[in-house]
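Q:
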Amino acid sequence: MNEPQEQGKPGDKNGQQESVKPRSRGIYLLPNLFTTGALFCGFYAVVAGMNGVFDSAAIAIFVAMVLDGLDGRVARLTNTQSAFGAEYDSLSDMVSFGVAPALVTFSWALSDAGKFGWFCAFIYVAGAALRLARFNTQIGSVDKRYFIGLPSPAAAASVAGLVWACVEFDVDVSSFIYVIAVYVALVGILMVSNVLYYSFKDVDPKGKIPFMILLAIVLTIGVISISPPIFLWLLILGYTLSGPVLWLLRKRKNIGV
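Residues in the sequence shown are numbered consecutively from 13, following our numbering.
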């Protein structure tokens, strides 16, 4: 007696199952190397902060920021985007731009503020986690010209830049610990706010730019080289404040109308 034939799935031709392409188990090396580098910098920042080497910890966070900006661009240029890479990048960002800045700042100054200090540090960490989760769910559904909420790398640079500048110039922060704690918490809140920040994603690196913009870039690099801790922090702080300032201007304009 002949064995019964297996029934095909709906849509299969002549009752036969279509061959399923096996899922590749490999991962792309190049973009994930940059992500791993960013993750290592975040981990190093935590260790350096625990050992009291706060300037190195802050620099490591800035290096992680650069590597994080490169991994996505490298993946797009080499056509090596993957779901694994996107998830790995989010986990790396959580360590480098969420946990690391909070722990470095806590070890540096916020521990002297007691429970209020670690509470403000936790607000920052929670803000980073929520920001990353919201970003992952909004991919492809929002205007790519803007970020909704302060990006986590910029938030980390805002906090790490403050630490770096104060350590570099040996600033006594004992009288400003609570101000610093509130600053860290506010940066965390900005990450989960609905304030829009320019993303620079519509800038074509292959396109032509006006000469004055090139001159401004050169001057900016020159000014930063004079004192990287101060001017990098001021640059990032300006970007951090640009969102609320533009939000207030738009709100004022709408009220006027």
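Just so it is clear, CB atoms sit at the ideal spot from N, CA and C, and this is done for glycine as well.
The model shown is predicted, which means the values in this text are computed figures rather than measured ones.
1) Are the segment 43-55 and the segment 75-86 in contact at 8 Å, needing three or more beta carbon pairs?
2) State the Cα-Cα distance for the pair residue 180 and residue 144, rounded to the nearest angstrom.
3) Check whether the segment 116-124 and the segment 56-67 touch, using three or more Cβ-Cβ pairs below 8 Å as the test.
4) If I'm right that residue 148 touches residue 102 with Cβ under 8 Å, what's the distance once you round it to whole angstroms?
5) What's the C-alpha gap between residue 256 and residue 208?
6) Return the first residue and the last residue of the beta strand (DSSP E) that residue 208 is part of.
7) Use the C-beta contact count for residue 38: other C-beta atoms within 10 angstroms, 16 or more gives buried, fewer gives exposed.
8) Which residues does DSSP list as the beta-bridge partners of residue 160?
9) Roughly how many angstroms separate the alpha carbons of residue 228 and residue 250, rounded to a whole number?
10) Could you tell me which of 197, 199, 191, 170 sits nearest to residue 241, measuring between CA atoms?
A: For this structure:
1) Contact between the segment 43-55 and the segment 75-86 is present, because at least three Cβ pairs lie under 8 Å.
2) Sequence index remark: in the sequence shown, residue 180 carries index 168 (1-based). Sequence index remark: in the sequence shown, residue 144 carries index 132 (1-based). C-alpha of residue 180 to C-alpha of residue 144: approximately 31 Å in a straight line.
3) Judged by Cβ distances under 8 Å, the segment 116-124 makes contact with the segment 56-67, as three or more pairs qualify.
4) By 1-based counting over the sequence shown, the position of residue 148 is 136. By 1-based counting over the sequence shown, the position of residue 102 is 90. Going by Cβ atoms, the distance from residue 148 to residue 102 rounds to 6 Å, so yes, they are a contact pair.
5) Your numbering for residue 256 matches position 244 in the sequence shown. Your numbering for residue 208 matches position 196 in the sequence shown. Cα to Cα, the separation comes out at about 8 Å.
6) Start at 1 with the first residue of the sequence shown, and residue 208 comes out as number 196. Residues 208-210.
7) Here residue 38 corresponds to residue number 26 of the sequence shown, with the count starting at 1. Exposed, because fewer than 16 other Cβ atoms sit within 10 Å of the Cβ of residue 38.
8) Here the question's residue 160 lines up with position 148 in the sequence shown. Beta-bridge partners of residue 160 (DSSP): 208.
9) For this step, residue 228 is matched to residue 216 along the sequence shown. For this step, residue 250 is matched to residue 238 along the sequence shown. Approximately 16 Å between the Cα atoms of the pair.
10) The sequence position of residue 241 within the sequence shown is 229, counting from 1. Relative to the Cα of residue 241, the nearest Cα in the group 197, 199, 191, 170 belongs to 170.
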